[in-house]
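K.L.:
Here it is, the structure in full.
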Ligand SMILES: Nc1nc2c(ncn2[C@@H]2O[C@H](COP(=O)(O)OP(=O)(O)OP(=O)(O)O)[C@@H](O)[C@H]2O)c(=O)[nH]1
Ligand SMILES: [Mg+2]
């Protein structure tokens, strides 16, 4: 069976998960209201936090899909996924147009040489402005230095909520088949005879933890095949290698994972039996396998200290309260939380580095729910020095407000060292879009 590997990328809330869910529903992989946003914090907050895999079957082809988070704090989840797919669906809200995170994920995709398929989404909105939004997308591609081939992107108009896709807004369509057909046409098959004949080469782009299986790696198979019980070499980015045995192997099937004995080139699998596996390493059958290109992960932007709760109210809320228990838990978190770094060198507190406030807030909320009690310090921005110059992380903000509020917004942001990049009048001059 042929395989296609794609990721869905966009700014937060532009409809990635809704599209993935509807694709699964229309291809019969799920029947009820199940969703890719399966984690309880994801459901409560209505956002995707972890990138997740699924696969659907359409016209005798398996399509592996990675649904990615749109929030900037989880962008390290997106970056490593992009290396393992052959195409991205770039979703853009037909009212909002491209937003800061659209720019970020598109830039990363173009840099990797991917040729996106643009999906102008939420066409059911009464405020839809597909022509303008398409122009803005084209401009963004040009701004980001897309090459001629990338500029010649396919465009699909969709409503992921209604489950409809069209190649032209005037077309008749009742389902997402036009989008699926474009995927089969434009995305190159994930395997070929040459790669299938070679010996195994696979690379993990995501990690998972299972209480019974331990640390698992989600990998793309680039060459050959992988089998349960197989002895493999794992090579790190420095070329050092160690030997392990594959104990279990799973492929993705809708929201489920299906245990298999063998998986072939092009597929995306979850592998158990490699206890110290890390993102970007190369898994192979041969000791002298050339390394697959590494996967870069963005650096943390904020840091804060985690310490034992020594306030007068200590010990009332949690059952795990000691620094030793906290250390054990944080070490476990480091196994799967790739954007996170922790400095354990101080005995009184641990310095935790994250990709943003929400990234750390989600970790803290998970700890609280598991019964951990701790104190934290004020977050601080991480400043790094490069060639003698101090560099500080910054965020892009787009604020859409009625015209009479613009002055107040500019005032508040200027106080916080915001710099205006552009101000645009939108919606017949009644609203103002201010980019900082
Ligand atoms: N009107 C309309 N609303 C939509 C459509 N698709 C998604 N939505 C709504 O947009 C909101 C966000 O949808 P999600 O699918 O969670 O967006 P997402 O891109 O996965 O968001 P993150 O993963 O947090 O970045 C939800 O309230 C959806 O119901 C659409 O086609 N039309
Ligand atoms: Mg989502």
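In my numbering, the protein residues as written are 25 to 460. Backbone N, C-alpha and C define an ideal beta-carbon position, used for all residues, glycine too. Since the model is a prediction, treat every value here as computed from it, not as a measurement.
Is there a Cβ of chain C sitting closer than 8 angstroms to that of residue 105, yes or no?
P.N.:
Of the chains in the structure shown, none is chain C; there is only one protein chain.
K.L.:
Any heavy atom of ligand 1 closer than 7 angstroms to the Cβ of residue 375?
P.N.:
Numbered from its first residue, the chain shown carries residue 375 at position 351. No, ligand 1 has no heavy atom inside 7 angstroms of this Cβ.
K.L.:
Going by CA-CA distance only, name the one from 374, 164, 221 that's closest to residue 353.
P.N.:
Position 329 of the chain shown, counting from 1, holds the residue named residue 353. That would be 374, whose Cα lies nearest to the Cα of residue 353.
K.L.:
Cβ atoms of residue 118 and residue 153: under 8 angstroms apart, would you say?
P.N.:
Locating residue 153 in the chain shown gives position 129, counting from the first residue. Locating residue 118 in the chain shown gives position 94, counting from the first residue. A contact, by the Cβ cut-off of 8 angstroms.
K.L.:
Taking only the alpha-carbon atoms, compute the straight-line gap between residue 96 and residue 382 and give it to the nearest angstrom.
P.N.:
Position 72 of the chain shown, counted from the start, is the residue given in the question as residue 96. Position 358 of the chain shown, counted from the start, is the residue given in the question as residue 382. When rounded, the distance between both Cα atoms is 9 angstroms.
K.L.:
According to DSSP, simplified to helix, strand and coil, what is residue 147?
P.N.:
Numbered from 1 along the chain shown, position 123 holds the residue referred to as residue 147. Of the three classes helix, strand and coil, the one that applies to residue 147 here is coil, per DSSP.
K.L.:
By alpha-carbon positions, which one of 136, 51, 426, 120 ends up nearest to residue 150?
P.N.:
Stepping through the chain shown from its first residue, residue 150 is reached at position 126. Proximity to residue 150 across 136, 51, 426, 120 peaks at 120, based on C-alpha coordinates.
K.L.:
Taking the alpha carbon of residue 75 as the reference point, which residue from 88, 83, 82 has its own alpha carbon closest?
P.N.:
Within the chain shown, residue 75 is the residue found at index 51, counting from 1. Of the candidates 88, 83, 82, the one whose C-alpha sits nearest the C-alpha of residue 75 is 88.
K.L.:
Would you list the residues sitting across from residue 286 in a DSSP beta bridge?
P.N.:
As a position in the chain shown, residue 286 is number 262, starting the count at 1. The secondary-structure analysis by DSSP pairs residue 286 across a beta bridge with 251.
K.L.:
On a CA-only basis, which of 173, 126, 226, 58 is nearest residue 157? Give me that one, please.
P.N.:
Here residue 157 refers to the residue found at position 133 of the chain shown. The candidate whose alpha carbon is nearest that of residue 157 is 126.
K.L.:
For the beta strand (DSSP E) that contains residue 385, what are its first and last residues?
P.N.:
Position 361 of the chain shown holds residue 385. Unbroken run through residue 385 is the alpha helix (DSSP H), 381–393; no beta strand (DSSP E).
K.L.:
In three-state DSSP terms, what is residue 454?
P.N.:
Counting from one through the chain shown, the residue named residue 454 turns up at place 430. Low confidence applies here, because residue 454 scores a pLDDT of 43, under 50, leaving its location unreliable; read the following figure in that light. Three-state result, residue 454: coil.
K.L.:
Counting only runs of 3+ residues fully inside the stretch 145–207, write out the beta strand (DSSP E) ranges in chain order.
P.N.:
178–183, 188–190
K.L.:
Looking at residue 318: is its Cβ nearer than 8 angstroms to the Cβ of residue 53?
P.N.:
The residue given as residue 318 occupies position 294 in the chain shown. The residue given as residue 53 occupies position 29 in the chain shown. Contact flag unset, no.
K.L.:
For residue 490 and residue 398, I'd like the C-alpha separation in whole angstroms.
P.N.:
Any question about residue 490 goes unanswered here, given that the chain covers just 25 to 460.
K.L.:
Just checking, does the stretch 324–338 make contact with the stretch 399–406 on the three C-beta pairs under 8 angstroms criterion?
P.N.:
Enough Cβ pairs lie closer than 8 angstroms, so yes.
K.L.:
Any chance you could list the alpha helix (DSSP H) runs of at least 4 consecutive residues sitting entirely within the stretch 84–153, in chain order?
P.N.:
Within the stretch 84–153, the complete alpha helix (DSSP H) segments of 4 residues or longer fall at 99–106, 124–135, listed in chain order.
K.L.:
Can you list, in chain order, every residue whose CB sits closer than 5 angstroms to a heavy atom of ligand 2?
P.N.:
40, 41, 72
K.L.:
Does at least one heavy atom of ligand 1 sit under 7 angstroms from the Cβ of residue 93?
P.N.:
The count along the chain shown starts at 1 and reaches residue 93 at position 69. Answer for residue 93: yes, Cβ within range of ligand 1.
K.L.:
Taking the alpha carbon of residue 55 as the reference point, which residue from 369, 412, 285, 280 has its own alpha carbon closest?
P.N.:
Translated into positions along the chain shown, residue 55 becomes position 31. Comparing Cα-Cα distances from residue 55 to each of 369, 412, 285, 280, the minimum goes to 280.
K.L.:
Between residue 310 and residue 215, is the Cβ-Cβ spacing less than 8 angstroms?
P.N.:
Walking along the chain shown from the start, residue 310 turns up at place 286. Walking along the chain shown from the start, residue 215 turns up at place 191. No, the Cβ-Cβ distance between residue 310 and residue 215 is not below 8 angstroms.
K.L.:
Relative to the C-alpha of residue 71, which residue among 185, 86, 35 is closest?
P.N.:
Taking the chain shown and counting its residues from 1, one reaches residue 71 at position 47. Of 185, 86, 35, the residue nearest in Cα terms is 35.
K.L.:
Quick check: the Cα distance between residue 92 and residue 396, rounded to an integer number of angstroms?
P.N.:
Residue 92 sits at position 68 when you count from the first residue of the chain shown. Residue 396 sits at position 372 when you count from the first residue of the chain shown. Answer to the nearest angstrom: the Cα atoms are 28 angstroms apart.
K.L.:
Would you kindly work out how many angstroms separate the C-alpha atoms of residue 322 and residue 363, rounded to a whole number?
P.N.:
Working through the chain shown from its first residue, we reach residue 322 at position 298. Working through the chain shown from its first residue, we reach residue 363 at position 339. The straight-line gap from Cα to Cα measures roughly 7 angstroms.
K.L.:
Closer than 8 angstroms is the cut-off here; do at least three beta carbon pairs connect the stretch 260–277 with the stretch 199–213?
P.N.:
Three or more beta-carbon pairs separated by less than 8 angstroms are not found between the stretch 260–277 and the stretch 199–213, which leaves the two stretches without contact.
K.L.:
For residue 283, which residues from the same chain have a beta carbon less than 6 angstroms from its beta carbon, with the 5 sequence-adjacent residues on both sides left out?
P.N.:
In the chain shown, counting from the first residue as 1, residue 283 sits at position 259. Close CB contacts of residue 283 within its chain, under the 6 angstroms cut and outside five residues either way in sequence, are with 274 (chain order).
K.L.:
Buried or exposed: residue 300, going by 16 or more other Cβ atoms within 10 Å of its Cβ?
P.N.:
Here the question's residue 300 lines up with position 276 in the chain shown. The residue is exposed, with fewer than 16 neighbouring Cβ atoms inside 10 Å.
K.L.:
Hey, would you say residue 422 sits closer than 8 angstroms to residue 124, going by beta carbons?
P.N.:
Counting from one through the chain shown, the residue named residue 422 turns up at place 398. Counting from one through the chain shown, the residue named residue 124 turns up at place 100. For residue 422 and residue 124, yes; Cβs fall inside 8 angstroms.
K.L.:
Would you check whether ligand 1 has a heavy atom nearer than 7 angstroms to the C-beta of residue 34?
P.N.:
As a working mapping, residue 34 is identified with position 10 in the chain shown. Yes, the Cβ of residue 34 comes within 7 angstroms of a heavy atom of ligand 1.
K.L.:
Specify the secondary structure class of residue 435 as computed by DSSP and reduced to three states.
P.N.:
Here residue 435 refers to the residue found at position 411 of the chain shown. Three-state result, residue 435: helix.
K.L.:
Between which two residues does the alpha helix (DSSP H) carrying residue 67 extend?
P.N.:
Translated into positions along the chain shown, residue 67 becomes position 43. Where residue 67 is concerned, the enclosing alpha helix (DSSP H) stretches over 64–69.
K.L.:
Which residue wins for smallest C-alpha separation from residue 100, given the options 138, 291, 189, 324?
P.N.:
The count along the chain shown starts at 1 and reaches residue 100 at position 76. Checking every option, the nearest Cα to that of residue 100 belongs to 324.
K.L.:
Is it buried or exposed, residue 184, if we count other Cβ atoms within 10 angstroms and call 16 or more buried?
P.N.:
Residue numbering aside, residue 184 sits at position 160 when the chain shown is read from its first letter. Of the residues assessed, residue 184 falls on the buried side of the cut-off, its CB having 16 or more other CB atoms within 10 angstroms.
K.L.:
So residue 226 packs on residue 243, CB below 8 angstroms; how close in whole Å?
P.N.:
Sequence index remark: in the chain shown, residue 226 carries index 202 (1-based). Sequence index remark: in the chain shown, residue 243 carries index 219 (1-based). That pair is a contact at about 4 angstroms.
K.L.:
May I ask you to report which of helix, strand or coil DSSP gives residue 220?
P.N.:
Taking the first residue of the chain shown as 1, we reach residue 220 at position 196. DSSP places residue 220 in helix when its eight states are reduced to three.
K.L.:
Please give me, in chain order, every unbroken run of the beta strand (DSSP E) with length at least 3 that falls completely inside the stretch 332–380.
P.N.:
365–367, 373–378
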